[in-house]
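Just so we're aligned, residue 1442 is where the sequence shown starts under the numbering used here, counting upward by one.
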Amino acid sequence: MRRRVRRDAGKLGAHLAIGRRQIVTGDLAARLAFLREAERIKDTLRSGVTASGRAESVAEHSWRLCLTILVFADLLPVELDRLRLLKLAIIHDLGEIYEGDVPAIHQNTGDGRDARERADFRTLTEGLPAALRDEFRVLYDEYAAAATPEAVLAKGFDKLETILQHTQGANAPGFDYRFNLDYGKARTDAHPLLAEIRALIDAQTEALAEGRTAWAG
């Protein structure tokens, strides 16, 4: 038993040593520079507000999107790549880092927003080591095009997190809750699980639209 422990420890040490050599040859400074620049997303605000009435940041939205995926991950198809799904969720709004978030109610097809955000994301990732830069860019484009089952689900969960927040936020008088009853419907209809979750949230949105309290029971 002791020999096995020593042997396993030796293998671990060798593995760590290899990893250390790989890290030393990597561009650590470039990775840190990317993270420093990405910190901007913490101050990039969305139109939604928290339960206390404070403006929500893009970083906070992305965090709860990832948490939402983790909460429902065991209900997803076994063949789904959950790590890729989380990567897509983490990456998906980084294109808003320089020009900010555009509320859904003000978005228009053909307004150039998607192209601008893609260009900004490429600027953000330009200094990363080539392999990592290319991976991030592939993920960004995959999400934008809803090109895989993982990207389709990521887009659906993104809509769910948004409308869930609107049922919890201390929204201003006159907030258009009925807009949310149709918002992103095609994305959340893309998978039965998304549709079931959507129905539960929509019931609360409907309550708010009628002047009742959400999540009361």
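Quick reminder that beta carbons are idealized off the backbone N, C-alpha and C, glycines included.
Just so you know, these numbers come straight off a predicted model, no measurement behind them.
- Note on Ala1592: 16 or more other CB atoms within 10 angstroms of its CB, so buried under the neighbour-count rule.
- A direct Cα-to-Cα measurement between Asp1617 and Ala1650 gives close to 8 Å.
- Your pair Pro1544 and Ser1488 checks out as a contact, with CB atoms roughly 4 Å apart and the cut at 8 Å.
- With respect to the 7 Å criterion, Thr1566 and Arg1574 are classified as neighbours on the basis of their beta carbons.
- Under the Cβ criterion (8 Å, minimum of three pairs), the region 1618–1627 does not count as touching the region 1534–1543.
- Around the beta carbon of Glu1583, 16 or more other beta carbons sit within 10 angstroms, so the residue counts as buried.
- Taking C-beta atoms as the reference points, Ala1530 and Ile1510 count as a pair closer than 7 Å.
- Apart from the 5 residues on each side of it in sequence, Ser1498 sits with its Cβ closer than 8 Å to the Cβ of Ile1482, Lys1483, Asp1484, Thr1485, Leu1486 and Arg1487 in its chain, given in chain order.
- Unbroken alpha helix (DSSP H) runs of no fewer than 4 residues, entirely contained in the region 1572–1646, are found at 1590–1609, 1618–1623 and 1626–1629, following chain order.
- In this structure, DSSP gives Val1512 a helical state, which the three-state scheme calls helix.
- Secondary structure of Ser1498 (DSSP, three-state): strand.
- Listed in chain order, the non-local C-beta contacts of Thr1589 below 7 Å within the same chain comprise Glu1583, local neighbours out to five positions each way being set aside.
- With fewer than 16 other CB atoms across the displayed protein chains lying within 10 angstroms of its CB, Leu1469 is exposed.
- In terms of CA proximity to Tyr1539, Arg1554 leads the group Leu1506, Arg1554 and Thr1646.
- Per the coordinates, the alpha-carbon of Thr1608 lies some 12 Å from the alpha-carbon of Arg1639.
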